[in-house]
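J.:
Numbering (the working numbering), first residue to last: 23 to 398.
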């Protein structure tokens, strides 16, 4: 092949590789394609994106090609000692390292690592590009060739050096995105654990963010096909109107705030809904501009319900028994409990008999005293 066509073909190959590489910004699974392309580009037996922990003296494969290649078993083992990681000093971001720089080939052939781990898989030559390092942790790209293949030469190192800025940029962006996702998850758990439920809705009341189980909602609310709704038809219209009004303000980029009080239901205390316009939804699908609406559920009974759920779990109360005991513990009579739950007084007393049996109590006062003393 002439020099010009060969150079053009190489440039096309590299362009395709970079296209797939930057595709990993949206899809982590494309790393497999990137590594497979690197195997072809460098004529290697295997390629991997890997991590090594110098403190633990062990590493792990993040992605590899081929998918069923030998590197997973090689790098997941902490023993025998990997001679390529005797010192962390050479592993600086952006540096390209081949095996002879780290250990002489004749010495490498004598290591247990080569004899027990690499030789059975026919691997010998190694070329490594360091993508990132944080203290004693290093992330790197590694290419492996068989022993009978040519060692990596200056041309291979030059090709990898050309790719390294792209590889490092993509890896850094993906790492930062992953860190933000982890932080968002931690913050979400804090919100769920210590703050009133906070939801993000679209203009139709569909819950976009802030997962909440249907059985964890206050009695006045429900989820219908993923949309927030009230159990009262008149209040449902009021809620829908407020959501849409906040959505219009959000889409226009204007501030907005509204509230809606929901009276007690099924013995549950009144709650307050506070809605606010968050702004346009840039991720809306279908070509229609969307809007984001924030919803805060102020529920004074939430802590009591959670404590009651722990109490019910401890004594293995059924869902029906939990509802009855929650109202009994508020001091209600069986007759009032029956009216609140829309069941017969006979059913209430039947549940109450089981509650007394499971809690080893005999009267309402004893049950209330047990609940006050308990720390569940």
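We put the beta carbon where it would ideally sit given N, CA and C, even for glycine.
#1: Whole angstroms is fine: what's the gap from residue 178's alpha carbon to residue 201's?
#2: With three or more C-beta pairs closer than 8 Å as the rule, is the stretch 266 to 277 touching the stretch 347 to 355?
#3: Could you give the first and the last residue of the continuous alpha helix (DSSP H) run that contains residue 296?
#4: Leaving aside the five residues before and after residue 385 along the sequence, list all residues of the same chain whose C-beta is less than 7 Å from its C-beta, in chain order.
#5: Would you call residue 379 buried or exposed, if buried means 16 or more other Cβ atoms sit within 10 Å of its Cβ?
#6: For a test of the three-state rule: what should DSSP assign to residue 321, helix, strand or coil?
#7: Can you give me the Cβ contacts of residue 134 inside the same chain, cut-off strictly under 8 Å, excluding the 5 residues immediately before and after it?
#8: What whole-angstrom Cβ distance do residue 57 and residue 69 have, given they're in contact under 8 Å?
#9: Excluding sequence positions up to five away, which residues of its chain have a Cβ less than 6 Å from the Cβ of residue 30?
#10: Just verifying my parser: in three-state terms, what is the DSSP assignment at residue 81?
#11: Rounded to whole angstroms, what's the CA-CA distance from residue 371 to residue 227? Just pull it up for me.
#12: Thinking just about the alpha-carbon of each residue, which of 208, 205 and 240 is nearest to the one in residue 219?
#13: Which of helix, strand or coil does DSSP assign to residue 391?
#14: Would you kindly work out how many angstroms separate the C-alpha atoms of residue 161 and residue 212, rounded to a whole number?
#15: Does the distance from the C-beta atom of residue 317 to that of residue 223 stay below 8 Å?
#16: Provide the residue span of the beta strand (DSSP E) that contains residue 156, from first to last.
#17: Going by the beta-carbon positions, is the gap between residue 251 and residue 244 smaller than 8 Å?
#18: Quick one: what's got a C-beta closer than 8 Å to residue 275's C-beta in the same chain, skipping five residues either side?
#19: Looking at residue 285: is its Cβ nearer than 8 Å to the Cβ of residue 292?
#20: Please state the DSSP three-state secondary structure of residue 103.
#21: Just to check my reading of the structure: residue 320 and residue 294 have Cβ atoms closer than 8 Å, yes? What is that Cβ distance to the nearest angstrom?
#22: For residue 193, I'd like the list of residues in its chain whose CB is within less than 7 Å of its CB, leaving aside the five on either flank, ordered along the chain.
#23: Between which two residues does the alpha helix (DSSP H) carrying residue 368 extend?
#24: On a Cα-Cα basis, can you pick out the residue from 182, 131 and 126 that is closest to residue 142?
#25: Could you please give the first and the last residue of the uninterrupted alpha helix (DSSP H) stretch that includes residue 58?
#26: Rank 191, 156, 149 and 166 by C-alpha distance to the C-alpha of residue 176 and give the top, closest one.
#27: For residue 281, which three-state DSSP category applies?
#28: Check the C-beta distance from residue 360 over to residue 313 and give it rounded, since I have them as a contact under 8 Å.
#29: What would DSSP say about residue 132, mapped onto helix, strand or coil?
#30: Could you check what DSSP says for residue 254 in three-state terms: helix, strand or coil?
#31: Compute the distance between the beta-carbons of residue 73 and residue 62, then report whether it is under 8 Å.
T.: Taking the coordinates as given:
#1: Each residue's Cα considered, the two are about 33 Å apart.
#2: No, because fewer than three Cβ pairs between the stretch 347 to 355 and the stretch 266 to 277 fall closer than 8 Å, the two stretches do not touch.
#3: Not the alpha helix (DSSP H): residue 296 falls in the beta strand (DSSP E), residues 293 to 303.
#4: Closer than 7 Å at Cβ, skipping near neighbours: no residue.
#5: The Cβ neighbour count for residue 379, taken over all protein chains shown within 10 Å, is under 16; the residue is labelled exposed.
#6: Residue state, collapsed to three classes: coil.
#7: Once the five neighbours on either side are set aside, the close Cβ partners of residue 134 are 102 and 103.
#8: Indeed, because the Cβ distance is near 4 Å, the residues count as touching under 8 Å.
#9: Any reading at residue 30 needs caution, since the residue's pLDDT is 48, under 50, leaving its predicted position unreliable; the model's value is listed next. Counting only Cβ-Cβ distances below 6 Å, and skipping sequence neighbours, we find nothing.
#10: Note: residue 81 maps to strand in three-state DSSP.
#11: Using only the alpha carbons, I get a separation of about 39 Å.
#12: Comparing alpha carbon positions, the residue from 208, 205 and 240 closest to residue 219 is 240.
#13: Looking at residue 391 - three-state DSSP - the assignment turns out to be helix.
#14: CA-CA distance, residue 161 to residue 212, rounds to 30 Å.
#15: Cβ atoms of residue 317 and residue 223: closer than 8 Å.
#16: Residue 156 -> beta strand (DSSP E) spans 145 to 156.
#17: A contact, by the Cβ cut-off of 8 Å.
#18: Here the set comprises 301 and 302.
#19: In this structure, residue 292 lies closer than 8 Å to residue 285 by Cβ.
#20: The three-state reading of DSSP puts residue 103 in coil, since its state is none of H, G, I, E or B.
#21: Their Cβ separation, rounded to whole angstroms, is 4 Å, which keeps residue 320 and residue 294 in contact under 8 Å.
#22: These residues qualify, in order along the chain: 153, 154 and 161.
#23: 367 to 381 is the span of the alpha helix (DSSP H), which, as asked, contains residue 368.
#24: The shortest Cα separation from residue 142 among 182, 131 and 126 belongs to 131.
#25: Looking at the DSSP string, the run of the alpha helix (DSSP H) that includes residue 58 is 53 to 64.
#26: The residue with the shortest Cα to Cα distance from residue 176 is 149.
#27: Looking at residue 281 - three-state DSSP - the assignment turns out to be strand.
#28: A Cβ-Cβ distance of about 44 Å is found for the pair residue 360 and residue 313, leaving them out of contact under the 8 Å criterion.
#29: Collapsing the DSSP output to three states places residue 132 in coil.
#30: It is coil, neither helix nor strand.
#31: A distance of 8 Å or more separates the beta carbons of residue 73 and residue 62.
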